[in-house]
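If you count the sequence shown from 1, position 24 lands on 183 in the numbering used here, and the numbers rise without skipping.
The beta carbon of each residue, even a glycine, is placed where N, CA and C say it ideally should be.
In this text, all values refer to a predicted model and were calculated from it rather than measured experimentally.
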Amino acid sequence: MSLLDGILKNIGGAPDDVANLAEKVGIDPSMAEKAIAALGQTHQMDGDTVELASEKTGLDAGVLSQIVDQIGGEGSLSSFASMIDKDGDGNPINDVMDMAKGFFGKK
160 MSLLDGILKN IGGAPDDVAN LAEKVGIDPS MAEKAIAALG QTHQMDGDTV ELASEKTGLD
220 AGVLSQIVDQ IGGEGSLSSF ASMIDKDGDG NPINDVMDMA KGFFGKK
């Protein structure tokens, strides 16, 4: 189970894991992980969270909006971002990528 799976299990109403979330919005689980990380990061930036995440990931803004809805809405992104930003640098994407490398033995 990935860290993101554990976080999703703790968000009321969210899918139990990344694979279920990905299935609900019709994307690959690895892309769902990237999308979640990008949403967490861009939520802390000036501008529209979904549009900024779309630019970072190349995913359609509609798909990203569905992900936001599935994980509890825009308000849940702040707490979500703080949970995945393990080093507290304001950039959770590097922490998520480090976790992904660990799953594949590349750390």
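Judged by beta-carbon spacing, V209 lies beyond the 8 Å limit of S189, meaning their Cβ atoms are not closer than that value. Annotation for T216: K193, A194, A197 place their beta carbon closer than 7 Å to its own, counting only its chain and skipping 5 residues before and after. The three-state reading of DSSP puts G234 in coil, since its state is none of H, G, I, E or B. Nearest to E182 by C-alpha distance, out of G234, Q229, D207, H202, is Q229.
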